[in-house]
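Under UniProt numbering, the sequence shown has 169 at position 169, and the numbering climbs by one with no breaks.
No residue lacks a Cβ here, since even glycine has one placed at the ideal position from N, Cα and C.
Source: prediction; values computed, not measured.
Working notes, structure below.
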Amino acid sequence: GVHENSEDYNDPDYVVSSNSDDSDNESNASIVSRSFITHEKSNTSKSSLDTSKHTYEGKATCDDTNLIVSKSEKKGANKKYFCMYCKKLQTKFARHLETVHKNEKEVKKFILLPKGNLERKAIIDSIRKESNFIYNTSSQFNTGDLIVSRRPSKANKPATDFTCCPKCKGYFTKNNVRHHFQICNQRSIGKKVLMLGRKVQARIHSKASDVLRKVIFPILREDDVSRVIRYDELVILHANKLCRKFRNQRHHDMIRAELRLLGRFLISIKKFNQSITDFASIYQPRHYDSCILATKDVAQFDPDSNTFKTPSVATRLGTLLKKLGDLLETEYIKRDDNESLRNVQNFLKLLVEDYGTTINKTAEETITQNKRNILYNDLIKTYNYNTWLNLLKVTLTSLQVFNRKRAGEIEKVVIEDYKCYKSVGEHTDPEVYHSLSKAGKESRKSQSWQTLWGMIRVYINHIIDSQFLN
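Below you can see the structure in the form of structure tokens.
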């Protein structure tokens, strides 16, 4: 009886860390884990991890945002596990397998082993985790809770705080799963374990393609933006289309960026209109005004300056709304839903007629203004009023010193006088130029002069050296 109870409540793959908040105490965890790894070595290499066999394409997985993890109850309140054979929750899991499912292939592997044997515990634990994984991911069997390897001790926690081990499929907190995985797989991969866990769970709409399920979504940061779109049918259909169109790996980041933009827009429009539940529900003519408000919110419109902080986002959202509307039209045509089809068509008419004036015109003006500001800022970095004023002062002082003139004469020089300088050259004054000696010709090249109105009402000449002009 003692051994049977320990098999029911022990979770051998858990690694105790500083963030332990569970009351389900573990004994000999690392020993059992190493035994389980040895047992599995013939099937899985410790240098590689194949997660493709864990995914369930085409099946509806439950959304973990609606699940909770119940806190650990007092001693004697049995923890329930899911049985993958009879599809029911059981308390005495090992006893249930031996008495009810003794003819199953996996059960036969441990049924003859003595109780307390490490290999027996490892086999039972693998069956338990596989069964719980099915319960945690299947919307057909799940009743609103997440079965984890170690439950919180103080209060219930949201299921989004937990993730599954990519190898054994046991559920652990996101803070501790990397410690468990290092022992479970005998190799540490750092933060990639969270990405592989998302890949194994495949919490996404059943219509998602393999590329979307295994490549695009697992890398997405798991936050409200990604959660709001992964079960949105219209967004998923659009993403499938993008994956078929852009098959090269270098386009995957572009697809992820577009999906996150749609998620941000959906979150924003829900704030303005509580009746909108998913992206398809946006395409009602009465929701068009909410659509404009959400676009301004996402693109950070400033009503005081009448500009967008991110104008390219505003124009891009208009394009995406048109693309998803066209896609929704085809879906309603396939379903022969004429009423919904008419609503989408009317919404797109409003979009084509009004969006260009209300959003795109302002966005284009913002882009043009930003380009001008960039050129002006570049000019300011090189030229400004103080620099220009200092240049004038230096030039005026240099002319006075070079010509040995009084300040009263030089102070009357204006910019137009300075520009109207004269020089002796082969083309400007050929007779004088040819009469000069060779040294005189060289001297003329480096000097010019300007004629000014002097203090005693007579014209005087000032020599300007070439360095001033340069």
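- In the three-state DSSP reduction, residue 112 falls in the coil class, being neither helix nor strand.
- With a cutoff of 8 Å on beta-carbon distance, residue 166 and residue 148 are scored as not near each other.
- Annotation for residue 232: 278, 279 place their beta carbon closer than 6 Å to its own, counting only its chain and skipping 5 residues before and after.
- Residue 184: member of the alpha helix (DSSP H) spanning 177-184, first to last residue.
- By the Cβ criterion, the region 107-122 is not in contact with the region 65-76, since fewer than three pairs of Cβ atoms, one from each stretch, lie closer than 8 Å.
- With contacts defined by Cβ atoms closer than 8 Å, residue 322 and residue 293 do not form a contacting pair.
- Taking 8 Å as the upper bound for CB-CB distance, residue 236 and residue 246 are not in contact here, some 16 Å apart.
- Residue range 252-272 is occupied by the alpha helix (DSSP H) that includes residue 262.
- Look at residue 85 here: in three-state DSSP terms it is coil, with no helix or strand label.
- If you look at residue 385, you'll find it in the alpha helix (DSSP H) that goes 385-403.
- In this structure, DSSP gives residue 300 a state outside helix and strand, which the three-state scheme calls coil.
- The C-beta of residue 221 has fewer than 16 other C-beta atoms within 10 Å across all chains shown, which makes the residue exposed.
- Distance from the Cα of residue 288 is smallest, within the candidate group 308, 303, 252, 354, for 354.
- Within a 10 Å sphere around the beta-carbon of residue 385 sit fewer than 16 other beta-carbons, which makes this residue exposed.
- For residue 133, the uninterrupted alpha helix (DSSP H) segment begins and ends at 118-137.
- In the displayed model, residue 285 falls within a helix according to three-state DSSP.
- When beta bridges are read from the DSSP output, residue 162 appears opposite 173.
- A contact is defined here as three or more CB-CB pairs under 8 Å, and the region 329-336 fails this definition with respect to the region 299-316.
- Of the candidates 370, 97, 403, the residue whose Cα lies closest to the Cα of residue 127 is 97.
- In this structure, DSSP gives residue 145 an extended state, which the three-state scheme calls strand.
- When C-alpha distances from residue 83 are compared across 315, 282, 104, 399, the shortest belongs to 104.
- Our two residues, residue 405 and residue 436, have alpha carbons roughly 27 Å apart in a direct line.
- Relative to the Cα of residue 265, the nearest Cα in the group 230, 251, 281, 225 belongs to 225.
- In the DSSP assignment, residue 216 falls outside any alpha helix (DSSP H), carrying neither H nor E.
- Relative to the Cα of residue 347, the nearest Cα in the group 153, 388, 324, 357 belongs to 324.
- Per DSSP, residue 231 lies in no alpha helix (DSSP H) and is assigned neither H nor E.
- In the same chain as residue 157, and ignoring 5 residues on each side of it, the C-beta atoms closer than 6 Å to its own belong to 69, in chain order.
- The DSSP-derived three-state label of residue 140 is coil.
- Per DSSP, residue 316 is one residue of the alpha helix (DSSP H) stretching across 311-335.
- The criterion of a C-beta distance shorter than 8 Å is satisfied by residue 169 and residue 130.
- According to DSSP, residue 90 shares a beta bridge with 81.
- Comparing alpha-carbon positions, the option among 119, 361, 61 lying closest to residue 136 turns out to be 61.
- Here residue 242 has 255 as same chain residues with Cβ atoms under 6 Å from its own Cβ, once five neighbours each way along the sequence are excluded.
- Between residue 213 and residue 261, the beta carbon gap of about 20 Å keeps them out of contact (Cβ cut-off 8 Å).
- Taken atom to atom, the span from the alpha-carbon of residue 290 to that of residue 298 is near 12 Å.
- At the C-beta level, residue 311 and residue 366 come within 8 Å of one another.
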